[in-house]
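Each residue of the sequence shown is one higher than the one before, starting from -5 at the first, in this note's numbering.
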Amino acid sequence: MASAGTIAALAELALPTVSDPALRRIGSKLVAGTRLDQADGHAMYRSHDLLGLGALADAVNRAKHGDVVTFASNQHINPTNICVLRTTCTFCGYARLPKEAGAYRYTLAQVLGEASNAADGLTREFHIVGGLDMQAGLAYYQEMFRALKSNFPHVHIKALTAVEIAHIARIEKMSWTDVLIALREAGLDTMPGGGAETFSAAVRDRIAGKKLAGADYIGVHRAAHALGIRSNCTMLYGHVETLDDRMEHLQMLRDLQDETGGFLAYIPLAYHPDDNELGRELLRQGQATGGVDDLKMLAVGRLFLDNFAHVKSHWIMVSQAVSQVALHFGVNDLEGTVVREKIYHAVGAHTPQAMTLDAILGLIRGAGKIPAERDSFYNILRTFDAAAPVPVPA
Ligand code: SF4
């Protein structure tokens, strides 16, 4: 983490570019080392001084990471889309009931077949998430993780959201902690941050009525952190949530991070309205969130979550173009070379399903940044050459 002095010095340099008086006050707090509060969060979301907000977030980000932007070579595996909450998560277009057309649950052979891309030795992480499937209990995932570790011992397993852990605990009649211990013994290394949606009870009632409560999402992550299992965290935005809801959510994440220090990264996730009930209810189609809101979500996350080292842009959800600009709005990490991502494409994400190494290097260099490949704990494995000059048309 950067020293307070470095953050203050870079924030001071950024201040002259900030025109909104409310943002200038926030910049002065950064210079003074004063923690931002929820009222500051509201002011940042409301401000139309987008470049000023970006300058402040960029100052803090550069104090922590310089010009280095990391990515991981990972592979997403979604082993089952069968989910008991199929009819109550109205924003989800991925889940199916067991007998519904398109429902699937991978056999172990199918999981290993998808994972075989990792035989190239370049994939360093499996990102494994799926539905809440009554037939995919503890034994299903223990067998999967053991087989993956046996066949691909060099690959880190980041798997199962807090919602999935709680589901397994419920059907196995075990505690969250006991499930986590059993999965760790089978090969689980870290947990992804999905399933957070927006913590507010009112929002959850509307878009995910039966899903694990926000406080319990925090509780599962607390249990994981107590065992030394690090995790990511997310917020789904751009649906029916208010600014109060966003700030309540960020406050809960910051409070747990103060308590445990177990979060690796914060990843805001843009809601996609196509092919799901909520999108039809809201009469929305196409990209629901705008580029400005996408950038604000990342910048506010960087500034309010002062105890987080890493803020990630998920290019599958906001596009590669927005993710590239986001590298100047507080983002230091990009979702990596993702092979065959299904969940967000099931709800209408129009982005490609994978980026090659060359493409992600080009994206980072094009922003004037230095690409670096990292492992799942954000240790830098190799740094690529410094940013190439931005091409200028003749
Ligand atoms: S969002 Fe997750 S829990 Fe909800 S229906 Fe979709 S797969 Fe199931």
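Here a beta-carbon is modelled for each residue, glycine too, at the ideal position from N, C-alpha and C.
**Asked** Hey, is G125 close to the ligand SAH, as in C-beta under 7 Å from one of its heavy atoms?
**Response** No copy of the ligand SAH occurs in the structure displayed; its ligands are the ligand SF4 alone.
**Exposure of F371, with buried meaning 16 or more beta-carbon neighbours within 10 Å** = exposed
**Message:** Please state whether the Cβ-Cβ distance between Y39 and R240 is less than 8 Å.
**Reply:** Taking 8 Å as the cut-off, the Cβ atoms of Y39 and R240 count as close.
**Asked** Say the cut is 7 Å; is the CB of V234 nearer than that to a heavy atom of the ligand SF4?
**Response** For the ligand SF4, no non-hydrogen atom lies closer than 7 Å to the CB of V234.
**Asked** Is there contact here, the segment 92 to 106 with the segment 172 to 190, by at least three beta-carbon pairs under 8 Å?
**Response** no
**Prompt:** From this set, M138, L116, G48, G107, which residue's C-alpha is nearest D14's C-alpha?
**Reply:** Taking only the C-alpha atoms, the option nearest D14 is G48.
**Message:** Quick check on M128: buried or exposed, where buried means 16 or more other Cβ atoms within 10 Å of its Cβ?
**Reply:** exposed
**Environment of A5 [buried if 16+ CB atoms lie within 10 Å]** = buried
**Prompt:** Which whole-angstrom value is the C-beta distance of I71 and F139, which I expect to be below 8 Å?
**Reply:** I71 to F139, Cβ: 11 Å. No contact.
**Prompt:** Is the beta carbon of Y88 within less than 7 Å of some heavy atom of the ligand SF4?
**Reply:** yes
**Message:** Let me check understanding here. Comparing Cα to Cα, which of V25, I20, D52 lies closest to A413?
**Reply:** Outside the shown range of the chain (-5 to 388) lies residue 413, about which nothing can therefore be said.
**Message:** The beta strand (DSSP E) that contains H59, what's its start and end?
**Reply:** Careful: H59 lies outside any beta strand (DSSP E), inside the alpha helix (DSSP H) at 44 to 59.
**Message:** Please return the same chain residues whose Cβ sits closer than 6 Å to the Cβ of V224, not counting the five positions on each side in sequence.
**Reply:** The question names Val, but residue 224 is Arg in the sequence shown. If we look at R224 and ignore the five residues flanking it on each side, its Cβ neighbours are T184, G256, L258.
**Request:** Since I believe C227 is in contact with L206 (beta carbons under 8 Å), could you give me their beta-carbon distance rounded to a whole number of angstroms?
**Result:** Their Cβ separation, rounded to whole angstroms, is 14 Å, which puts L206 and C227 out of contact at 8 Å.
**Request:** Could you tell me how far apart the beta carbons of H322 and A353 are, in whole angstroms, since I believe they sit closer than 8 Å?
**Result:** Incorrect: roughly 19 Å between the Cβ atoms, too far for contact.
**Beta bridge counterpart(s) of H304 as assigned by DSSP** = DSSP, once it has assigned bridges, lists A259 as partnering H304.
**Asked** What residue from N270, L355, L351 has the CA that sits closest to I201's CA?
**Response** I201 has its Cα closest to that of N270, out of N270, L355, L351.
**Asked** Among L250, A195, D52, V105, which residue has its Cα nearest to the Cα of E137?
**Response** V105
**Item:** Y231 - partner residues in DSSP beta bridges
**Value:** A264
**Request:** Pick helix, strand or coil for D127, following the three-state DSSP scheme.
**Result:** coil
**Message:** Which of the three DSSP states is assigned to D183 in this structure?
**Reply:** coil
**Request:** To the nearest angstrom, report how far apart A141 and R118 are at their CA atoms.
**Result:** 16 Å
**Message:** Any heavy atom of the ligand SF4 closer than 7 Å to the beta-carbon of A303?
**Reply:** Answer for A303: no, Cβ out of range of the ligand SF4.
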